[in-house]
Amino acid sequence: MSAAVLYQWVLASLPEILVVTGACILLIAGQLIRRGQEHLIVWASVAVVLIAALATFLLAGEVRPAYSGMFIVDRFAVFFKFVFYLATVLTFLLSRKYAEIEGIGISEYYVLLLFCLSGMMIMASATDLLSIYVGLELMVLCTYVLTGFLRRERRSNEAALKYVILGAVSTGMFLYGVSLVYGLTGTTALNGMTAAATGDPRDPALLLAVVFIVAGLVFKIGAVPFHMWLPDVYEGAPTTITAFMSVAPKAAGFAVILRVFLNPLIAASDVWIIVAAIGVMTMALGSFAALVQDNIKRLLAYSSIAHAGFAIFGVVAGGQDGIASVMLYLLIYAFMTLGVFAVVVMMRNGDFSGEAIPDYAGFAKSHPGLAFLMLLYLFSLAGIPPTAGFFAKFYVLVALVEQGFVALAVVAVLLSAVAAYFYIRVVMVIYMREPERVFDPALTPSVRATLALTAAGTIGIGLFPAWFLRLAQTSVFGG
Amino acid sequence: MGFPLLSLIILTPAAGAAVLMFLRSDDAVRWAALGVTVIDLALTVVMLAGFDTATYEMQFTETRPWVPALGITYALGVDGISALFVFLTALLGSVSVLASWVAIDRRVKAFMISLLVMQALMLGVFSALDLFLFYVCWEAMLIPMYLIIGVWGGDGRVYAAFKFFLYTLAGSLLFLVGVIVLYFHGGETFDILVLMDQDLPFGVQSWLFFAFLVAFAVKVPMVPVHTWLPDAHVQAPTAGSIILAGVLLKMGAYGFLRFSLPMLPEASVYYSTLMLAISAVAIVYGGFLALAQDDLKKLVAYSSISHMGFVTLGIFALNARGLEGSILQMFNHGITTGALFLFVGLIYERTHTRSIAEYGGLMKVAPVYTAFLALFTLSSMALPGTNAFVGELLVLSGAFGANLAFGAVAILGAMLSAAYLLGMYRNIALGPVRVSAGPTLRDVNAREMAAILPLAAFVLWVGLYPKPFLDIIDTSVTHLLVEVHSRGRGQ
Numbered sequence: 001m002s003a004a005v006l007y008q009w010v011l012a013s014l015p016e017i018l019v020v021t022g023a024c025i026l027l028i029a030g031q032l033i034r035r036g037q038e039h040l041i042v043w044a045s046v047a048v049v050l051i052a053a054l055a056t057f058l059l060a061g062e063v064r065p066a067y068s069g070m071f072i073v074d075r076f077a078v079f080f081k082f083v084f085y086l087a088t089v090l091t092f093l094l095s096r097k098y099a100e101i102e103g104i105g106i107s108e109y110y111v112l113l114l115f116c117l118s119g120m121m122i123m124a125s126a127t128d129l130l131s132i133y134v135g136l137e138l139m140v141l142c143t144y145v146l147t148g149f150l151r152r153e154r155r156s157n158e159a160a161l162k163y164v165i166l167g168a169v170s171t172g173m174f175l176y177g178v179s180l181v182y183g184l185t186g187t188t189a190l191n192g193m194t195a196a197a198t199g200d201p202r203d204p205a206l207l208l209a210v211v212f213i214v215a216g217l218v219f220k221i222g223a224v225p226f227h228m229w230l231p232d233v234y235e236g237a238p239t240t241i242t243a244f245m246s247v248a249p250k251a252a253g254f255a256v257i258l259r260v261f262l263n264p265l266i267a268a269s270d271v272w273i274i275v276a277a278i279g280v281m282t283m284a285l286g287s288f289a290a291l292v293q294d295n296i297k298r299l300l301a302y303s304s305i306a307h308a309g310f311a312i313f314g315v316v317a318g319g320q321d322g323i324a325s326v327m328l329y330l331l332i333y334a335f336m337t338l339g340v341f342a343v344v345v346m347m348r349n350g351d352f353s354g355e356a357i358p359d360y361a362g363f364a365k366s367h368p369g370l371a372f373l374m375l376l377y378l379f380s381l382a383g384i385p386p387t388a389g390f391f392a393k394f395y396v397l398v399a400l401v402e403q404g405f406v407a408l409a410v411v412a413v414l415l416s417a418v419a420a421y422f423y424i425r426v427v428m429v430i431y432m433r434e435p436e437r438v439f440d441p442a443l444t445p446s447v448r449a450t451l452a453l454t455a456a457g458t459i460g461i462g463l464f465p466a467w468f469l470r471l472a473q474t475s476v477f478g479g
Numbered sequence: 001m002g003f004p005l006l007s008l009i010i011l012t013p014a015a016g017a018a019v020l021m022f023l024r025s026d027d028a029v030r031w032a033a034l035g036v037t038v039i040d041l042a043l044t045v046v047m048l049a050g051f052d053t054a055t056y057e058m059q060f061t062e063t064r065p066w067v068p069a070l071g072i073t074y075a076l077g078v079d080g081i082s083a084l085f086v087f088l089t090a091l092l093g094s095v096s097v098l099a100s101w102v103a104i105d106r107r108v109k110a111f112m113i114s115l116l117v118m119q120a121l122m123l124g125v126f127s128a129l130d131l132f133l134f135y136v137c138w139e140a141m142l143i144p145m146y147l148i149i150g151v152w153g154g155d156g157r158v159y160a161a162f163k164f165f166l167y168t169l170a171g172s173l174l175f176l177v178g179v180i181v182l183y184f185h186g187g188e189t190f191d192i193l194v195l196m197d198q199d200l201p202f203g204v205q206s207w208l209f210f211a212f213l214v215a216f217a218v219k220v221p222m223v224p225v226h227t228w229l230p231d232a233h234v235q236a237p238t239a240g241s242i243i244l245a246g247v248l249l250k251m252g253a254y255g256f257l258r259f260s261l262p263m264l265p266e267a268s269v270y271y272s273t274l275m276l277a278i279s280a281v282a283i284v285y286g287g288f289l290a291l292a293q294d295d296l297k298k299l300v301a302y303s304s305i306s307h308m309g310f311v312t313l314g315i316f317a318l319n320a321r322g323l324e325g326s327i328l329q330m331f332n333h334g335i336t337t338g339a340l341f342l343f344v345g346l347i348y349e350r351t352h353t354r355s356i357a358e359y360g361g362l363m364k365v366a367p368v369y370t371a372f373l374a375l376f377t378l379s380s381m382a383l384p385g386t387n388a389f390v391g392e393l394l395v396l397s398g399a400f401g402a403n404l405a406f407g408a409v410a411i412l413g414a415m416l417s418a419a420y421l422l423g424m425y426r427n428i429a430l431g432p433v434r435v436s437a438g439p440t441l442r443d444v445n446a447r448e449m450a451a452i453l454p455l456a457a458f459v460l461w462v463g464l465y466p467k468p469f470l471d472i473i474d475t476s477v478t479h480l481l482v483e484v485h486s487r488g489r490g491q
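Structure representation (C-alpha cells):
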C-alpha cells in the first residue's frame with residue numbers, strides 16, 4: 001500500500017477522524033474544566049461538528065472509495081451525514097439548559113454524543129457488512145449509556161437496561177445473518193455478494209440470512225415486530241436524548257437499510273413483500289397505539305414508529321424516487337421532530353416535567369408564539385400542507401404509485417388519517433383548553449435558535465421543496 | 001402573462017394576515033381585517049369587469065415553476081365555472097369580518113388572522129390550475145377552519161372540530177392517491193388543463209371517480225357522509241358558519257365540475273344515474289331533517305344539505321340547464337345561506353338562544369331585522385323574483401330532462417323547504433311577542449346593515465336580472481358539456 005493510497009483513504013474518512021479526535025480531546029479537557037464553565041464544552045462540541053461538516057462539504061465533490069471496499073464517500077453518505085450533523089448540533093443546543101436542570105453536569109454526555117455521531121457517519125458510508133457492524137455498535141453503545149444518564153431516576157435505569165439487552169440480541173441476530181452470508185458467498189462486501197451468489201433468489205439459506213439481517217436492522221429503526229423497546233426507552237431517556245435518538249440513529253438505520261436492501265442480492269430475494277408487511281404493521285401499530293398515550297414522550301415514540309413505517313414504504317417502492325423519497329422524508333422528519341422536542345425539552349423547568357399531555361392545556365393563551373410553533377410541527381407530523389411533512393409523505397406516495405403499489409398507497413394514507421388524530425389532539429389541548437397553571441418554559445437563546453431553525457425547515461421545505469427534492473434526487477447512490 | 005391579478009387577489013389576505021400580527025389593539029385588528037377584505041373584494045370586481053364572457057379558455061392565467069422535478073407548477077386561472085366563486089369568496093370574506101365584529105371578543109387577532117388565511121386558501125382552491133397547488137390549498141384550509149371552530153365555537157366545539165377535521169382529512173387523502181394515479185396516467189403532470197385532455201381507460205376512470213367522489217362528497221356534503229356538517233355549523237362562530245356554508249360546501253361541487261366531469265367523462269356519464277339518486281336522497285332527507293329541528297342553526301344546516309342536493313342533481317343531469325342552474329345555485333346558496341347564518345348570529349348575540357320555540361313576534365320588536373329575514377327566507381325557498389328561483393328552476397328543468405323520477409323527487413324537496421322555512425319564519429316573526437331579551441331588543445345597526453345590504457342586493461339582482469351571471473357561466477358550461485358528451489360516449 002503506497003502512501004498516496006493511504007492519503008486518499010485518510011482524506012475520505014477525514015470527517016470521521018475529526019469527530020473522533022475532537023471527542024477524545026474533549027474527554028480529557030472535560031476533566032480539567034472548572035465548575036460553572038460547562039458551557040465551554042457545549043460550544044467546543046458544536047465546533048467539532050461544524051468543522052467535520054465543513055470537511056464533509058469540501059470533500060463532497062467526488063466519490064471516494066476507501067479501505068479496500070469497506071467504506072465509501074458518495075453523495076448518499078454526504079446527505080445522511082448532514083442529517084446527522086443537523087440532529088447532533090441541535091441536540092447540543094437543546095441540552096445546555098436541560099442538562100443544568102436535570103443535573104447532568106459532566107462532559108461525558110457531549111463526548112458520547114460525538115462518538116455516537118462518528119458511529120452513524122461510519123454507517124452511512126459503510127459498504128461492507130462488517131464496517132456496517134462496526135458503525136452500528138459504536139452508535140448503539142453510546143446510546144445505551146446516554147439513555148441511562150439520569151442516574152437517580154428509575155425509569156432511566158430501566159430503559160437503559162432494556163435497551164442494552166434487547167439491543168444485544170438484535171446485534172447478535174445481525175451478526176448471525178452476516179456469518180451466513182459469508183458462508184454462502186465468501187465475502188461480506190455488499191458489491192461482492194451478488195457475483196458470488198448462486199443466482200437462485202429463493203435459495204433457503206440466502207433467505208434465512210436475509211431475514212436475520214433484516215431483523216437486526218429493523219430493530220434499530222424500531223419497526224414492528226422489534227419495536228417493543230422503543231416507547232420505554234424513549235420515555236425513560238433524558239428528553240434531549242429522546243429527541244436525538246428519534247432522529248439521528250433512525251436515519252442511520254435507514255441509510256444502512258437502503259444500502260443493504262437495494263443491493264442486487266437482496267432485491268432478488270423478493271424481500272420487498274416482507275418489507276411491505278413490516279411497513280404496514282409498523283405504521284398501523286404506531287398510529288393506533290399512539291391514540292391512547294397520555295405522556296407526550298411516549299406519544300412521540302409511537303409517532304416515530306408510525307413515521308418509520310411510512311418511510312419503509314419508500315424503501316418498498318425502491319428505484320431512484322423511492323430512495324430519494326426516504327432520504328427527503330428523514331431530513332424533513334428531523335426538522336419537525338426536533339422542533340417538537342425542543343418545545344417539550346423547554347417545558348422541563350423547576351419541578352415541572354411537562355411530560356403529560358394535559359400539562360399543555362391552555363399553552364396558547366400564555367405563549368401564543370410557542371404554541372403556534374408547536375401547532376406547525378404537529379400539523380407537519382400529521383402531514384397537512386403547506387408544511388414540509390406533507391411533502392415528505394406526498395413524495396413517498398408518488399414513489400409508491402410510480403412502482404404500481406397503489407393499494408399500499410391507499411393503506412398508507414388511511415393510516416395517516418388515523419395518525420392525524422393524535423397530533424391534533426395535542427393541538428386541541430394547547431389551543432382549546434383553559435390553562436391550569438402558569439407556564440415558565442426554559443427558553444434560552446440556544447433553544448430559540450433551535451426553534452427558529454426547525455421552524456424554518458418545517459415551513460420552508462413545505463413551501464419551496466424544489467431545491468431539497470433535487471438535493472435528495474441527486475444524492476441517490478449510483479446516480 | 002399579463003398583470004398577475006389572481007396572485008394579487010390571493011396574496012392580499014395572506015399579506016393582510018401577516019400585517020395583523022403586528023397590530024396591538026383589537027379595534028385596529030378589526031378595521032385592518034375589514035380593510036383587507038374590502039380591498040380584496042374590489043380586486044375581484046376588477047377581475048369580473050375584465051372577464052371575457054365569449055371564451056371558455058382560462059383567463060388571467062399565470063404560470064411559474066414550483067417543483068420542476070415533479071412537474072408541479074404554480075398555475076392560476078379562472079373560467080366561467082370558477083370566476084363567480086372567486087367573487088363570492090371575497091364577498092363573504094368581508095361579511096364574515098363584519099359578522100365577527102362584536103361576536104368574537106377574545107383572541108380577536110388570532111381569529112382575524114385565521115379568517116384571512118382561510119380566505120387566501122379558498123381563493124387559491126378556486127383559481128388553481130395545478131392539481132398539486134389545488135390540493136395544498138384544499139387541505140391546508142383544515143388548519144384555520146379547525147381553529148375557528150375549535151377555539152371560538154360553542155360548548156361542543158372540540159368534538160365538532162375533530163369531526164370536521166377527520167372527515168375531511170380522510171376524504172381528501174384518498175383524493176390525493178387518486179391525484180397521484182392521475183399524474184402517472186396523464187404523463188407526469190399536475191397541469192389541470194393537460195389532464196383534462198387525457199383519454200383514460202374506463203377502468204381507471206371508475207376507480208378515480210370514486211376516489212374523487214369520497215373527497216368531494218364529504219365536502220358537499222352528500223348523504224351519508226354529511227353528519228359532520230350539523231355539528232360543525234352549530235358549534236362554529238357565525239363567521240365560521242358563513243364560510244362553511246357559503247364557500248366550503250361549494251368546493252365539493254366545484255371539484256365535480258373541475259375534475260370529475262372533464263377528466264373522467266366516461267365514468268361521469270356512466271355513474272350519473274347513481275349520482276342523481278344520491279342527490280335526490282339528500283334533497284328529501286335533508287328537507288325532512290330540517291323540518292324536525294328546533295335549533296335555528298341546525299335547521300339552516302340541514303337545509304344546506306337539501307339545497308346542495310339540488311346542486312349535485314343539476315351537475316349530474318349533464319345538460320346545459322342543469323349545469324348552469326347548479327353553478328348559479330351554488331352562488332345563490334352562498335349568498336342566501338350565508339345571510340341566514342348571519343341572521344341567526346345576529347339574533348343569537350342579543351338573546352343567547354337559538355331555540356325557535358323561545359322566539360315569537362319579533363316583527364313588532366325588530367321590524368328591519370324581520371323584513372330582511374323575510375327576504376332571505378323567501379329566497380331560500382326559491383320564491384319567484386329571488387335568486388334561488390332562477391337557479392332552482394334551471395336545475396329542475398335540467399333534472400326533468402335527464403330523469404323524470406328524480407326530478408319529481410326534487411319537487412318534493414322544494415315543497416319541504418317551503419314548509420320548514422315558512423314554519424320557522426312564522427314562529428320567529430309573527431304572533432305575540434315572546435323574546436327572552438324582552439321588548440328592548442335592539443334592531444340592526446349600521447355595521448350589521450353593511451353586512452346585510454350587499455347580500456340582499458344580490459338576492460334581488462340575480463332574481464330579477466340573472467343574465468350577467470348566466471353570461472359568465474354559459475360559454476364554459478357549453479364547452480364542458482361538449483367535451484363530456486363527445487368523450488363520454490363510450491358507454
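Top line first, the protein sequences correspond to chains A and B. By the numbering used here, the letter at position 188 of the first sequence is numbered 188, and the numbering carries on one by one without gaps. By the numbering used here, the letter at position 301 of the second sequence is numbered 301, and the numbering carries on one by one without gaps. Using N, Cα and C, we set each Cβ at its ideal position, and we do this for glycine too. All values derive from a computational prediction rather than experimental measurement.
Do residue j and residue i count as a contact pair if the criterion is CB distance below 8 Å?
i: H233(B); j: A301(B); result: yes
i: D443(B); j: R354(B); result: no
i: G286(A); j: V316(A); result: no
i: V177(B); j: A215(B); result: no
i: I221(A); j: A168(A); result: no
i: V490(A); j: T21(A); result: Lying outside 1 to 479, the shown extent of chain A, residue 490(A) is not represented and no answer is given.
i: L129(A); j: V181(A); result: yes
i: V218(A); j: A159(A); result: no
i: S353(A); j: T240(A); result: no
i: V220(B); j: L249(B); result: yes
Taking the beta carbon of residue i as the centre, do at least 16 other beta carbons fall within 10 Å, making it buried, or is it exposed?
i: E392(B); result: buried
i: W43(A); result: exposed
i: F132(B); result: buried
i: T55(B); result: exposed
i: R258(B); result: buried
i: G479(A); result: Per-residue confidence for G479(A) stands at a pLDDT of 43, beneath the threshold of 50, marking its modelled position as unreliable; the derived number appears in the next sentence. When all chains shown are included, G479(A) counts as exposed.
i: V46(B); result: exposed
i: M381(B); result: buried
Is the Cβ of residue i closer than 8 Å to any Cβ of chain B?
i: R448(A); result: no
i: L373(A); result: no
i: R470(A); result: yes
i: E465(A); result: Note that residue 465(A) is Pro in the sequence shown here, rather than Glu. It does: the Cβ of P465(A) has a partner Cβ on chain B nearer than 8 Å.
i: F379(A); result: yes
Could you check whether the Cβ of residue i sits closer than 8 Å to any Cβ belonging to chain A?
i: P68(B); result: yes
i: E139(B); result: yes
i: A292(B); result: no
i: I143(B); result: yes
i: G50(B); result: no
Taking beta-carbon pairs under 9 Å, can you tell me which members of the stretch 253-281 of chain B lie near chain A? none
With a floor of 3 residues, list each beta strand (DSSP E) that falls wholly inside the stretch 399-441 of chain A, ordered by position along the chain. none
Extract the residue ranges of the alpha helix (DSSP H) inside the stretch 275-334 of chain B, only unbroken runs of 4 or more that lie entirely within it. 296-317
Could you name the residues of the stretch 176-195 of chain B whose beta carbon sits closer than 8 Å to any beta carbon of chain A, in the order they occur along the chain? L176, V177, I180, V181, Y183, F184
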